[in-house]
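Okay, structure first, notes after.
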Amino acid sequence: MIRKRIVEGFERGLVVPQGLLAHGRGEALDYILGEETTPQAYEATRAAAALLLLSKRPVISVNGNTAALAPQDIIRLSKLLNAKIEVNLFYRSQERVKRIKEYLSSMGASQVLGDDDVAELPGLSSPRRFASREGIYSADTVLVPLEDGDRAEKLVALGKKIIAIDLNPLSRTAQTATVTIVDNVVRAIPNLCVAVENLGDKPPIELEKIYGDFDNQANLKAMIELILRRLTRLAGLEVLK
Ligand code: PTJ
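Okay, structure coming up:
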């Protein structure tokens, strides 16, 4: 069913061919994870929810794959947080930005940024450097589900907090983000909505503690260890101590 969604997204012109390749890589990693949310991913999701609730200008960055896979959950999250949605593409074309904006609007999004009042983020050469002044350009926290390497690094260098959703714990995005949720976007975004609902009435001091106690590097290492243990068990080898 998930694969069908990405193929339909491709046929509608939301997803690029490279997005199909990225999806295949994601499927392989998800298979290794047992296609379920791990305790580590839940912990990262809780920290991400706390960070989003503490942020003054949170923005959800959407690319072709995310628009095809989780449009309704993205819209729900943006409403829960009062966060802006911005289309930001690696393989950018005006036509595709417009198409994704229209698709999200048809699903109920009230406002989608991406091609209006655009400024260039310094230090980035990819077309991802075009960011809306009202959105990613002036955001304090950006949620980046499923993307290529160098932008997360640059956004962090610009002083922004980055929440990545990436099934690959070794990717550059995963390694450089402030909080990385190693999970499939189709599970991670609904989980994030639930975590935001659960933490929504907590005082800032409690949210700061949840976010402050989270160690992204330790969480990523634990994810890699979990993969190792799972493969060891599946191979019938002795479980590592
Ligand atoms: O729509 P555009 O033009 O912005 O392009 C989007 C893609 C995804 C093509 C572009 O950002 C890209 O090339 O990304 P990469 O470098 O292939 O990285 C995508 C990462 O997302 C990889 O680490 C994949 O393992 C991971 N991934 C793929 N599918 C999922 C995923 N992570 C979470 N959930 C998924 N469903």
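Heads up, the numbering used here is the position in the sequence shown plus 1228, with the first residue counted as 1. No residue lacks a Cβ here, since even glycine has one placed at the ideal position from N, Cα and C.
Its Cα nearest to that of L1281, the residue C1421 stands out among C1421, L1448 and G1464.
Just so you know, the alpha carbons of I1409 and G1237 end up roughly 23 Å apart. A1359 carries a strand assignment under DSSP once its states are collapsed to helix, strand and coil.
One thing to note: R1400 has its Cβ no nearer than 7 Å to the Cβ of R1379.
Here DSSP, grouped into helix, strand and coil, assigns P1373 to strand. Looking at the DSSP output, E1314 shares a beta bridge with S1289 and L1341. A1402 carries a helical assignment under DSSP once its states are collapsed to helix, strand and coil. Annotation for A1392: no alpha helix (DSSP H) segment contains it, though the beta strand (DSSP E) segment containing it runs K1389 to I1393. Straight through space, the alpha carbons of L1454 and D1411 are spaced by roughly 13 Å. Counting other Cβ atoms within 10 Å of its Cβ, L1309 reaches 16 or more and is therefore classed as buried.
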